[in-house]
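Just so you know, we're using the working numbering here: the sequence shown kicks off at 862 and counts up by one.
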Amino acid sequence: MRQFVIILFITGLSIVSDKLAAADFAAKGKVIYKEHCISCHGENGEGVADEYDEALVGTSSIEKLTRIIHKTMPEDDDELVIDEDAKAVAQYIYHAFYSPEAQAKIKPVRKALLRRTQHQHRNSIADLVTSFRGHSPIPKQHGLTTNYFNAEKMNKQKQKLLTRIEPTPSFNLANNHGVKKINPKAFSIHWQGALLPPETGTYHFRITTPNGARFFLNTYDKKKTALIDAWVSSKNTMRISVESTFLIGGHAIPMMIEYTSFQEKKSSILIEWKPPHGIWEKIPQRFLAPINAKEVAIINTPFPADDASLGYERGSTISKQWSVASANAAIQASSIILNHLDQLAKTNPKDKQRTIKLSKFCEQFTARAHGRPLTADQKQKIHKLFMQHGPEGATQRCLMLALTSPYFLYPELSHRTDGSQSKHDAWAIATHLALTIWDSVPDNQLRQAASKGHLVNPQQVSAQAQRMLKDPRAHHKLRRFFHEWLNLSEKEDLRKDPKLFPGFNARLIADLRSSLNLFVADVLWSDNSDYRKLFLTQEVHMNPRIAAFYKTKLPEHLKNEQFAPVVTPDHHRAGILTHPYVLSAFSYHKQTSPIHRGVYLSRNVLGRFLKPPPKATEFKDSDFKPHQTMREKVTELTKDHSCMACHEIINPIGFSLENYDAVGRFRTREKNKPINTESDYITDDDRKVRIKGAQDLARLAVESPGAHRAFIKHLFHHLIQQPVPAYGYSTMDRLHESFKT
């Protein structure tokens, strides 16, 4: 995957032309096509009204096209174009207009001018401000730094008793807390570190305590307003205080909790959160770090949804709502910066050089927002603003101008200001790297490399990309990719019938989502990272709750909330294809759905092209006999010839997973009948393959070039937000070669 990101910058290689013999053969096919096919399919395969109005466009091989033409064409006399003639016509239409390469030549795909998406907008503003504060590296150790004190009257921290790293902020005096010499009548606790939000969205936090507590987020300054202020207790009665806030993933957020108990019988505190797509729980240790993080400029301005009409999000739409949102984001960002202006500009109100330093700060901020050095004319304009409006007024105007500039909003705009081709190429590459890997702006190291001309060859770009991929922002972006690739963003409600699946509740669903995220992280970032592990591993990350539900034994050393990769008793798992969260997402409320599983896997994983159904047919369980298995129901529902054009692909894939019920548990029987998972599957090159179960399906995904290309295409779209052919119609071939090696 790292090599894939880098190779995006090595484009423009020419396509090797077709061999002359193939061209001669295709010329013969063109003559036959015009004689027998053009009346129904049109001169360039565009279709003919009232005959065959669908365009001849697809991904089938020449061999498969030959067989189809040999068997069925022309419709009124299928004996006219057979054998070598059928092959000649297939050769012609494939290279003339059918294949993706041919379509790229007929209708060249160009890179679109894109604005920043809402993710890129928020991340970029946060990182622009961070570039003046300094980055917060994340250590391998997790938890919060915790200090225990004995108190005396109003002095809550009279005597320090202990400093240690704790996995999560919670305490109960009645339990074995391990703090010696603590005064049960007067003590306090101070937790400090950073919160590591796993995704961007609204987080809810809850404090339950009969004592006094304050919860600060995104600051260590006690003079600022706490997110939750429950400092004044009331007669030692248990109280619950709840607040919510918007956070961005991939960034370390300062976090501090103060707790005190003075002359009270009961002493305890419980801190919980409810993250996006989650439930109320203690904050897991893996999302906490014992560091002093820098405050993050978090923009919570609502943005309209980004365009996803092509199957992936991109900043292609411009609307009044977006214009208002981007302006409001600039206003909010300016306010945040102005509140910390002297700190960011490294000055103070009494500094005689303050105006000069603020002017310099504005130049630096604008250059970083634009992604390139400023011209002399641009610097002069900033100087004039300071002459006309004074330091504060000029700074405010500079910030608004920078954050609403086309160079910030549209980061791929040409960086050439003097007509030269090479002068600003390094800055363009720096911007492209930051967008691709972080959804953000270049950091200080990237800017330094660009300024020194150290981003002009593949080795230099590779070194920067390898560094950037270790950053939490890269992890966050690639975690989002897997959620989108798996269509999990569309699967919000995984609840099942509680009578049929007792124990499959919101708590377990949240655990399974964490399990999936941990599995993906292990595949992506471990030393032996490998695409094949996505499908071939039999391990599932489990904690005690998951293990109990799926009847799996865990290592003895595992603690209550910890996860570990384990092999389930059935020994039939196939990586991500059989992960319980994925199987549950593509199931009905009461039973499996081979059609949903088959459609998703055929399109997203195996890369098969599926036409929309000729007519929408809703699955109604009441239409079938009670004793029928799900395979029997789907077979009956899709038996029509018009359905089987696609369902000969969909059904074998879906049936291969029928050993897993609607919550992903392994089974061998349904309706008191043995489950049949075997089917013949027709590959994209028209080979017949016998699929006996999930592991055969996994091997198909690992070995199929179509599956490789589908994965590359989806990853490319997520990282680059442009169509692959926009970089040349040979780009996919080169990416595939790199992917295989």
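For each residue, glycine too, the CB sits at the ideal point set by N, CA and C.
Please specify which runs of the beta strand (DSSP E), each continuous and at least 3 residues long, are wholly inside the stretch 1388-1421, giving them in chain order.
-> Counting whole runs of 3 or more residues, the stretch 1388-1421 contains the beta strand (DSSP E) stretches 1400-1403.
Could you name the residues of the same chain whose beta carbon sits closer than 7 Å to that of LEU1246, not counting the 5 residues immediately before and after it, in chain order?
-> Looking up residue 1246 in the sequence shown gives position 385. Closer than 7 Å at the Cβ level, and outside the excluded window around LEU1246, lie ALA1255, ARG1258 and CYS1259.
Exposed or buried, what is TYR959 when buried is set at 16 or more other beta-carbons lying within 10 Å of its beta-carbon?
-> The residue labelled residue 959 in the question sits at position 98 within the sequence shown. When all chains shown are included, TYR959 counts as buried.
Whole-angstrom distance between ASN1533 and PRO1584, CA atom to CA atom = If you number the sequence shown from 1, residue 1584 lands on position 723. If you number the sequence shown from 1, residue 1533 lands on position 672. The straight-line gap separating the alpha-carbon atoms of PRO1584 and ASN1533 is approximately 49 Å.
Which of the three DSSP states, helix, strand or coil, is assigned to GLY903?
-> Position 42 of the sequence shown, counting from 1, holds the residue named residue 903. Three-state DSSP puts GLY903 in coil, outside helix and strand.
Mind checking which residues open and close the beta strand (DSSP E) that includes TRP1134?
-> Position 273 of the sequence shown holds residue 1134. Residues 1129-1135.
Is THR1439 helix, strand or coil when you go by DSSP?
-> Mapped onto the sequence shown, residue 1439 falls at position 578. In this structure, THR1439 counts as helix in the three-state DSSP scheme.
Chain-order list of residues whose beta-carbon lies under 7 Å from that of MET1505 (same chain, five-residue window excluded) = Locating residue 1505 in the sequence shown gives position 644, counting from the first residue. Cβ within range, chain order: THR1499.
Determine the DSSP secondary structure at ARG1075, reduced to helix, strand or coil.
-> Here residue 1075 is taken as the residue at index 214 of the sequence shown, counted from 1. Here ARG1075 carries a strand assignment [DSSP, helix/strand/coil].
Using the DSSP secondary-structure output, state which residues sit across from TYR913 in a beta bridge.
-> Taking the first residue of the sequence shown as position 1, residue 913 is located at position 52. Within the DSSP bridge table, the entry for TYR913 names VAL909 as partners.
Please work out which residues of its chain come closer than 7 Å, Cβ to Cβ, to THR1278, disregarding the five sequence neighbours upstream and downstream, and give them in chain order.
-> Residue 1278 sits at position 417 when you count from the first residue of the sequence shown. For THR1278, the pLDDT reaches just 47, beneath the cut-off of 50, and the residue's location in the model is therefore unreliable, although a value from the coordinates is still provided. A distance below 7 Å between beta-carbons, with the five flanking residues on each side excluded, links THR1278 to the following residues of its chain, in chain order: THR1236.
Use the C-beta contact count for MET1116: other C-beta atoms within 10 angstroms, 16 or more gives buried, fewer gives exposed.
-> To locate residue 1116, count along the sequence shown from 1; it is residue 255. MET1116 is buried by the Cβ-count criterion.
DSSP on GLN1583, reduced to helix/strand/coil?
-> Residue numbering aside, residue 1583 sits at position 722 when the sequence shown is read from its first letter. DSSP, read as helix, strand or coil, puts GLN1583 in coil.
Taking only the alpha-carbon atoms, compute the straight-line gap between LYS1494 and ASN1465 and give it to the nearest angstrom.
-> Looking up residue 1494 in the sequence shown gives position 633. Looking up residue 1465 in the sequence shown gives position 604. Going by the C-alpha atoms only, they are around 25 Å apart.
Could you work out which residue in LYS1155, GLY1232 and THR1538 is closest to HIS1201 when comparing CA atoms only?
-> For the purposes of this step, residue 1201 is identified with residue 340 of the sequence shown, where counting begins at 1. Closest by alpha carbon: LYS1155.
Is ASP1279 helix, strand or coil when you go by DSSP?
-> Counting from 1 along the sequence shown, the entry for residue 1279 is found at position 418. At ASP1279, the pLDDT of 47 sits below 50, so the modelled position is not reliable; the number obtained from the coordinates is stated separately. In the structure shown, ASP1279 sits in coil (DSSP, three-state: anything other than H, G, I, E or B).
Look at the Cβ atom of SER997, then the Cβ atom of TYR1064, and state whether they are nearer than 8 Å.
-> Numbered from 1 along the sequence shown, position 136 holds the residue referred to as residue 997. Numbered from 1 along the sequence shown, position 203 holds the residue referred to as residue 1064. No, Cβ-Cβ distance for SER997 and TYR1064 is not below 8 Å.
Using the Cα positions of SER1625 and ARG1147, report the straight-line distance between them to the nearest angstrom.
-> Residue numbering for the chain in the displayed model covers 862 to 1602; residue 1625 lies beyond these limits and cannot be assessed.
Assuming THR1024 and ASN1008 make a contact with CB atoms under 8 Å, what is their CB distance in whole Å?
-> Taking the first residue of the sequence shown as position 1, residue 1024 is located at position 163. Taking the first residue of the sequence shown as position 1, residue 1008 is located at position 147. About 5 Å separates the Cβ atoms of THR1024 and ASN1008, confirming a contact at the 8 Å cut-off.
For PRO1030, the three-state DSSP class (helix, strand or coil) = In the sequence shown, counting from the first residue as 1, residue 1030 sits at position 169. Coil at PRO1030, not helix or strand.
Own chain partners of VAL1573 with C-beta closer than 6 Å, once the 5 adjacent residues on each side are dropped = On the sequence shown, residue 1573 is found 712 positions in, with the first residue counted as 1. Note on residue identity: the sequence assigns Ile, not Val, to residue 1573. Closer than 6 Å at the Cβ level, and outside the excluded window around ILE1573, lie LEU1596 and PHE1600.
Per DSSP, TYR1064 is paired with what?
-> As a working note, residue 1064 is residue 203 in the sequence shown. Beta-bridge pairing links TYR1064 to THR1106.
Identify every residue that forms a DSSP beta bridge with LYS1143.
-> Here residue 1143 corresponds to residue number 282 of the sequence shown, with the count starting at 1. The partner list for LYS1143 (beta bridge, DSSP) reads GLU1133.
Beta-bridge partners of GLN1053, as assigned by DSSP = Residue numbering aside, residue 1053 sits at position 192 when the sequence shown is read from its first letter. GLN1053 is bridged to THR1006 and MET1117.
Beta-carbon gap between HIS982 and SER1312 smaller than 8 Å = Locating residue 982 in the sequence shown gives position 121, counting from the first residue. Locating residue 1312 in the sequence shown gives position 451, counting from the first residue. No; because the gap between Cβ atoms is not below 8 Å, this pair is not in contact.
Express the C-alpha separation of ILE954 and THR927 in angstroms, rounding to a whole number.
-> Locating residue 927 in the sequence shown gives position 66, counting from the first residue. Locating residue 954 in the sequence shown gives position 93, counting from the first residue. Whole-angstrom Cα-Cα distance: 10 Å.
Is the stretch 1374-1390 touching the stretch 1432-1451, taking contact as three or more C-beta pairs under 8 Å?
-> Counting Cβ pairs under 8 Å, three or more are found: they touch.
Residue span of the beta strand (DSSP E) that contains SER922, given as start and end = What you label residue 922 is simply residue 61 of the sequence shown in a count that begins at 1. Counting along the chain, no beta strand (DSSP E) covers SER922, and no H or E run does either.
On the three-state DSSP scale, how would you describe ILE1159?
-> Along the sequence shown, read from residue 1 onward, the residue named residue 1159 stands at position 298. DSSP places ILE1159 in coil when its eight states are reduced to three.
Reduced DSSP secondary structure (H/G/I, E/B, other) of PHE1164 = Translated into positions along the sequence shown, residue 1164 becomes position 303. Three-state result, PHE1164: coil.
Note down, in chain order, each residue of its chain lying with its Cβ closer than 7 Å to the Cβ of GLY873, except the 5 sequence neighbours on either side.
-> Taking the first residue of the sequence shown as 1, we reach residue 873 at position 12. Confidence at GLY873 is low in this model, with a pLDDT of 29, below 50, so the placement of that residue is unreliable and no value is reported for it.
For LYS1084, does the count of other Cβ atoms within 10 angstroms reach 16, so buried, or fall short, so exposed?
-> In the sequence shown, residue 1084 corresponds to position 223, counting from 1. In this structure LYS1084 is exposed. Its beta-carbon is surrounded by fewer than 16 other beta-carbon atoms within 10 angstroms.
Could you please give the first and the last residue of the uninterrupted beta strand (DSSP E) stretch that includes LYS1549?
-> Locating residue 1549 in the sequence shown gives position 688, where the first residue counts as 1. Taken as a continuous stretch (DSSP letters only), the beta strand (DSSP E) holding LYS1549 covers 1549-1552.
Under a three-way DSSP split, which group does PRO991 fall into?
-> Taking the sequence shown and counting its residues from 1, one reaches residue 991 at position 130. The displayed chain sequence assigns Thr, not Pro, to residue 991. For THR991, the secondary structure class from DSSP, reduced to helix, strand or coil, is helix.
Contact under 8 Å by Cβ, TYR1120 with PHE1032 = Here residue 1120 refers to the residue found at position 259 when the sequence shown is read from its first residue. Here residue 1032 refers to the residue found at position 171 when the sequence shown is read from its first residue. At the C-beta level, TYR1120 and PHE1032 come within 8 Å of one another.
If you run the structure through DSSP and keep just helix, strand and coil, what is SER1540?
-> Residue numbering aside, residue 1540 sits at position 679 when the sequence shown is read from its first letter. Collapsing the DSSP output to three states places SER1540 in a strand.
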